[in-house]
Amino acid sequence: IVLAFLALSSLACATADAKRIALEPVQSIAKSPYTIELVGQNGELLDTYQHRGRFYVNGESGERYSIRVHNPTDSRIEAVISVDGLDVIDGETADYRSKRGYIVPPRGDLLIDGFRVSTQAVAAFRFSSVSNSYAGRKGKARNVGVVGVAIFAEKAQPQMVLPAPVITHDHRHRHGTKGRRPAPPPR
């Protein structure tokens, strides 16, 4: 599943029982180099199908899945990700404009296994019914089945370029050091 360059993309649930997930068409001038994949609990990519401009991923109720973001570029990116309308870092309402994301290294991958509940643990992503979803249990079921990803390129650090120094004459002659040996190094 390919994102449009620096655009918001989302996977959306096509049925209430979350057995299918659809990708909303992304309108973009240029294709994105980044890829977003859903990975099953066995480590294999979930089968993806396209129908009428949308992509669908099969998932069985109760099955765990992870989200993989691949960055094939030479620069770091930030991936702000939501599942069921909730931010994957804090589990609260998603907002790609104000929330922070994960940094994906150049030529690297990011694998997110669930909602972050501490610095060491996550609540696993699982296919489920709306009422059994994490968002549904929090009373925020409006976007159940939607996986949203916003990619932001890192701003390049300003580079200071200094011209190479130009030496016009040998300073040793001016300071009377011609023919003298340098002092020995300290012991």
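Just so you know, this note's numbering puts 1039 at position 3 of the sequence shown, and the rest follows in order with no gaps. The beta-carbon is built from N, C-alpha and C at its ideal position, and this holds for glycine as well. Owing to the predicted nature of the structure, the values given are computational and were not obtained by experimental measurement.
- Beta-bridge analysis with DSSP links residue 1146 to 1105.
- Counted as a single uninterrupted DSSP element, the alpha helix (DSSP H) harbouring residue 1170 occupies residues 1170-1173.
- The three-state secondary structure of residue 1179, taken from DSSP, is helix.
- Per the C-alpha coordinates, the member of 1192, 1161, 1189 positioned closest to residue 1181 is 1161.
- It is roughly 23 Å from the alpha-carbon of residue 1086 to the alpha-carbon of residue 1107.
- Annotated three-state conformation of residue 1155 is coil, per DSSP.
- Distance from the Cα of residue 1141 is smallest, within the candidate group 1176, 1111, 1177, for 1111.
- A distance below 8 Å separates the beta carbons of residue 1123 and residue 1135.
- Assignment of residue 1198 by DSSP, reduced to helix, strand and coil, places it in the coil class.
- Annotated three-state conformation of residue 1099 is coil, per DSSP.
- Between residue 1077 and residue 1172, the alpha-carbon positions lie close to 22 Å from each other.
- Among the bridge pairs identified by DSSP, residue 1123 is matched with 1118.
- It is roughly 23 Å from the alpha-carbon of residue 1125 to the alpha-carbon of residue 1097.
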